[in-house]
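A.B. asks:
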Amino acid sequence: MQHSASEFESLVERHLTSLSDSLVHYLAQDYRDDTMVVFRDILPIELRHAMEAEARALLQAEACRRELIIEQSGGTPRAYSSVGRDAIRTNGTYIPAFFDSEAILSFLSHIIGEPIYRVPYKPEEFIINSQSRAGDTHGWHWDDYAFALVWVVDEPDVLSGGRVEFVPRIHWDKEDTRSHLQRTLASEQIRSVHVPAGSCYLLRAKDALHRISPLTKETRRTVIVFTYATTDELSDQTISHESMESIYPTDTNVASSLEAA
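The numbering used here numbers the first residue of the sequence shown as 3 and each following residue consecutively.
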């Protein structure tokens with residue numbers, strides 16, 4: 003049975019309010035420690051399975067292969083297949099409902115400790131990415147907006163790559179990105195996390211250098227990436243989207259993609 007948007011919202015709200023105060027407190031503290039937290043039960047199981055099935059179906063029907071070097075992030079590689087926001091919004095139900103959910107937005111704001119908002123740049127609302135070939139990676143980078151919630155649909159085993167690697171509280175030096183990247187990787191501790199399928203993680207991705215490590219064999223890591231913004235970012239005209247435009251040229255060529263706050 004397919005759920006309507008209102009049914010999705012009602013089920014999510016009921017589920018999130020059932021979480022214990024101690025669990026919510028633990029998640030908030032975990033986020034404050036590393037600006038990253040892994041959630042294992044943010045959705046009821048029937049909605050989780052439906053959203054993951056939708057992601058796999060969209061990937062099979064709509065995916066485009068991306069293989070390029072992104073100069074804006076210091077010359078780091080991207081190699082994966084993806085489905086852009088417009089195809090998901092047009093053909094999906096559960097992924098758009100997740101992004102549109104007020105209950106999820108309120109829950110994430112509580113965990114972070116400040117209000118967050120749906121990103122004002124449409125192409126970054128949600129994207130499906132999938133690594134499947136040996137060497138596939140989403141190389142070192144910073145995000146344009148503050149927060150990424152990444153839902154892991156398929157995940158390789160712990161020895162086959164696809165790990166989340168990040169250095170928290172490191173700002174993006176856009177004037178000399180490559181040198182800044184090299185200095186950071188040489189001097190800072192890199193956290194490495196294996197996030198299991200069916201879980202998701204929240205990362206302050208604008209202020210964390212991060213990547214998905216290369217796959218070591220043919221396997222699969224599929225994720226849905228949702229992007230959220232701070233209050234200030236809703237009206238920040240200095241935010242640019244060169245990396246997005248390089249990776250997703252056909253998904254970012256609409257002049258109206260940047261909405262007024």
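Think of the CB as a built atom: it goes at the ideal place given N, C-alpha and C, for glycine as much as any other residue. Only a predicted model underlies this, so the values are computations on that prediction, with no experimental measurement involved.
Based on Cα-Cα distance, which residue from 217, 43, 187 and 188 lies nearest to residue 196?
C.D. replies: Within the sequence shown, numbered from 1, the residue matching residue 196 stands at position 194. Considering only alpha carbons, the answer is 217.
A.B. asks: Can you list, in chain order, the stretches of the beta strand (DSSP E) that have 3 or more residues and sit fully within the region 194-242?
C.D. replies: 202-206, 210-214 and 223-231
A.B. asks: Pull up the DSSP beta-bridge partners for residue 139, would you.
C.D. replies: Stepping through the sequence shown from its first residue, residue 139 is reached at position 137. DSSP lists 81 as partners of residue 139.
A.B. asks: Which one or two residues does DSSP pair with residue 55 in a beta bridge?
C.D. replies: The residue given as residue 55 occupies position 53 in the sequence shown. Looking at the DSSP assignment, residue 55 forms no beta bridge with any residue, so it has no partner.
A.B. asks: First and last residue of the alpha helix (DSSP H) that includes residue 107?
C.D. replies: For the purposes of this step, residue 107 is taken as residue 105 along the sequence shown, with counting starting at 1. Counting along the chain, the alpha helix (DSSP H) containing residue 107 begins and ends at 104-114.
A.B. asks: Whole angstroms are fine: how far does the CA of residue 78 sit from the CA of residue 70?
C.D. replies: For this step, residue 70 is matched to residue 68 along the sequence shown. For this step, residue 78 is matched to residue 76 along the sequence shown. A direct Cα-Cα distance of roughly 9 angstroms separates residue 70 from residue 78.
A.B. asks: Using C-beta distances below 6 angstroms, list every residue in its chain close to residue 145, excluding the 5 sequence neighbours before and after it, in chain order.
C.D. replies: On the sequence shown, position 143 is the one that residue 145 refers to. So the list reads 207 and 208, once near-sequence residues are dropped.
A.B. asks: DSSP state of residue 191, grouped into three classes?
C.D. replies: The residue given as residue 191 occupies position 189 in the sequence shown. Coil at residue 191, not helix or strand.
A.B. asks: Taking all protein chains shown into account, do 16 or more other C-beta atoms lie within 10 angstroms of the C-beta of residue 3, making it buried, or fewer, making it exposed?
C.D. replies: Translated into positions along the sequence shown, residue 3 becomes position 1. So residue 3 counts as exposed.
A.B. asks: May I ask you to report which of helix, strand or coil DSSP gives residue 6?
C.D. replies: The residue labelled residue 6 in the question sits at position 4 within the sequence shown. Here residue 6 sits in coil by DSSP.
A.B. asks: Along the chain, where does the alpha helix (DSSP H) that runs through residue 249 open and close?
C.D. replies: Position 247 of the sequence shown, counted from the start, is the residue given in the question as residue 249. That run of the alpha helix (DSSP H) goes 244-249.
A.B. asks: In angstroms, rounded to a whole number, what distance separates the CA positions of residue 8 and residue 89?
C.D. replies: Here residue 8 is taken as the residue at index 6 of the sequence shown, counted from 1. Here residue 89 is taken as the residue at index 87 of the sequence shown, counted from 1. Roughly 22 angstroms between the two C-alpha positions.
A.B. asks: Please check the pair residue 80 and residue 140, which I expect to be a contact at CB under 8 angstroms, by giving their CB distance rounded to whole angstroms.
C.D. replies: Counting from 1 along the sequence shown, the entry for residue 80 is found at position 78. Counting from 1 along the sequence shown, the entry for residue 140 is found at position 138. Indeed, because the Cβ distance is near 6 angstroms, the residues count as touching under 8 angstroms.
A.B. asks: Determine the DSSP secondary structure at residue 160, reduced to helix, strand or coil.
C.D. replies: In the sequence shown, counting from the first residue as 1, residue 160 sits at position 158. The answer is coil: DSSP assigns residue 160 none of H, G, I, E or B.
A.B. asks: Rounded to whole angstroms, how far is the Cβ of residue 204 from the Cβ of residue 39, which I believe are closer than 8 angstroms?
C.D. replies: As a working note, residue 204 is residue 202 in the sequence shown. As a working note, residue 39 is residue 37 in the sequence shown. Indeed they touch by this definition, with Cβ atoms about 5 angstroms apart.
A.B. asks: I need the boundaries of the beta strand (DSSP E) containing residue 24, first residue and last residue.
C.D. replies: On the sequence shown, position 22 is the one that residue 24 refers to. Here residue 24 belongs to no beta strand (DSSP E); instead the alpha helix (DSSP H) covers 23-36.
A.B. asks: Report all residues from its chain with a CB closer than 6 angstroms to the CB of residue 138; omit the five preceding and five following residues, and keep chain order.
C.D. replies: The sequence position of residue 138 within the sequence shown is 136, counting from 1. The beta carbon of residue 138 lies closer than 6 angstroms to those of 81, 82 and 217 in the same chain, with the five residues before and after it left out.
A.B. asks: Return the residue from the list 104, 75, 128 and 223 that minimises the CA-CA distance to residue 94.
C.D. replies: Mapped onto the sequence shown, residue 94 falls at position 92. When only C-alpha atoms are compared, the closest one is 128.
A.B. asks: According to DSSP, is residue 170 part of a helix, a strand, or is it coil?
C.D. replies: Within the sequence shown, the letter at position 168 stands for residue 170. If DSSP states are grouped into helix, strand and coil, residue 170 belongs with the strands.
A.B. asks: Going by the CB atoms, is the gap between residue 42 and residue 158 shorter than 9 angstroms?
C.D. replies: On the sequence shown, position 156 is the one that residue 158 refers to. On the sequence shown, position 40 is the one that residue 42 refers to. Not a contact, by the Cβ cut-off of 9 angstroms.
A.B. asks: For the alpha helix (DSSP H) containing residue 90, name the first residue and the last one.
C.D. replies: Within the sequence shown, numbered from 1, the residue matching residue 90 stands at position 88. Unbroken alpha helix (DSSP H) run through residue 90: 87-93.
A.B. asks: So is residue 143 buried or exposed if we call it buried at 16+ other beta carbons inside 10 Å?
C.D. replies: Within the sequence shown, the letter at position 141 stands for residue 143. The residue in question, residue 143, is buried, as its Cβ has 16 or more Cβ neighbours within 10 Å.
A.B. asks: Pick from 50, 168 and 222: whose alpha carbon is nearest that of residue 193?
C.D. replies: Against the sequence shown, residue 193 aligns to sequence position 191. The option with the nearest alpha carbon to residue 193 is 168.
A.B. asks: Would you mind stating whether residue 61 and residue 224 have Cβ atoms separated by less than 9 angstroms?
C.D. replies: The residue labelled residue 61 in the question sits at position 59 within the sequence shown. The residue labelled residue 224 in the question sits at position 222 within the sequence shown. Cβ distance < 9 angstroms, so residue 61 and residue 224 count as in contact.
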